[in-house]
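Asks: Before anything else, here's the structure in question.
Numbering (our numbering), first residue to last: 2 to 106.
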C-alpha cells in the first residue's frame with residue numbers, strides 16, 4: 002500500500018524538480034511550461050521545501066519497495082526479519098536523517 006500511495010506524488014515531485022532544474026540553466030522551460038516556470042520560480046522550487054518533501058516520499062517508497070521485495074523473495078524468517086531491520090535502519094532512518102540534516106543546514 003505504501004508503494005502504491007507514494008508512487009504518483011513521487012513522480013509529480015521528481016518531474017517538477019526536473020523541470021525546475023532545467024529552468025535554472027535555460028529559458029526553454031518557460032516556453033515549455035507556458036510561462037509558469039522561469040528562473041525565479043525554478044530557484045524557489047529548488048531551494049524551498051519541495052526537495053525535502055520529495056526526498057521523504059522517496060524514502061517511504063524505497064522502504065516499502067524493499068520490504069515487498071524482501072517478503073516476496075526471502076523464505077527464511079530469521080533472515081527476512083534481519084533484512085527488514087536493515088531496510089528500516091539503513092534506508093529509512095539513515096537516509097531520512099541525512100535528508101533532514103541537509104534541509105536544516
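All C-beta atoms in this analysis are idealised placements derived from N, C-alpha and C, irrespective of residue type, glycine included.
(1) Nearest-angstrom Cα distance between residue 40 and residue 21?
(2) Would residue 68 be called buried (16 or more neighbouring beta carbons within 10 Å of its own) or exposed?
(3) Let me make sure I understand the geometry here. Which of 63, 52, 29 has the alpha-carbon closest to that of residue 91?
(4) Quick check: residue 43 and residue 55, are their CB atoms within less than 8 Å of each other?
(5) Do residue 14 and residue 58 have their CB atoms nearer than 8 Å?
(6) If you draw a straight line from the alpha carbon of residue 81 to that of residue 74, how long is it in whole angstroms?
(7) Looking at the secondary structure, which residues open and close the alpha helix (DSSP H) in which residue 26 lies?
(8) Find out if the Cβ-Cβ distance for the pair residue 51, residue 18 is shorter than 8 Å.
(9) With DSSP as the reference, label residue 75 as helix, strand or coil.
Replies: Reading from the atomic positions:
(1) On the chain shown, position 39 is the one that residue 40 refers to. On the chain shown, position 20 is the one that residue 21 refers to. Distance between the alpha carbons of residue 40 and residue 21: 8 Å.
(2) Counting from one through the chain shown, the residue named residue 68 turns up at place 67. That one is buried.
(3) As a first step, residue 91 must be located in the chain shown, where it is residue number 90. Residue 63 is the option with its Cα nearest to residue 91.
(4) On the chain shown, residue 43 is found 42 positions in, with the first residue counted as 1. On the chain shown, residue 55 is found 54 positions in, with the first residue counted as 1. Not closer than 8 Å, so no.
(5) For the purposes of this step, residue 14 is taken as residue 13 along the chain shown, with counting starting at 1. For the purposes of this step, residue 58 is taken as residue 57 along the chain shown, with counting starting at 1. Going by C-beta atoms, residue 14 is nearer than 8 Å to residue 58.
(6) Within the chain shown, the letter at position 80 stands for residue 81. Within the chain shown, the letter at position 73 stands for residue 74. Looking at the two C-alpha atoms, the distance is approximately 9 Å.
(7) Taking the first residue of the chain shown as position 1, residue 26 is located at position 25. Counting along the chain, the alpha helix (DSSP H) containing residue 26 begins and ends at 3-26.
(8) Numbered from 1 along the chain shown, position 50 holds the residue referred to as residue 51. Numbered from 1 along the chain shown, position 17 holds the residue referred to as residue 18. In contact: residue 51 and residue 18 (Cβ atoms closer than 8 Å).
(9) Sequence index remark: in the chain shown, residue 75 carries index 74 (1-based). Coil at residue 75, not helix or strand.
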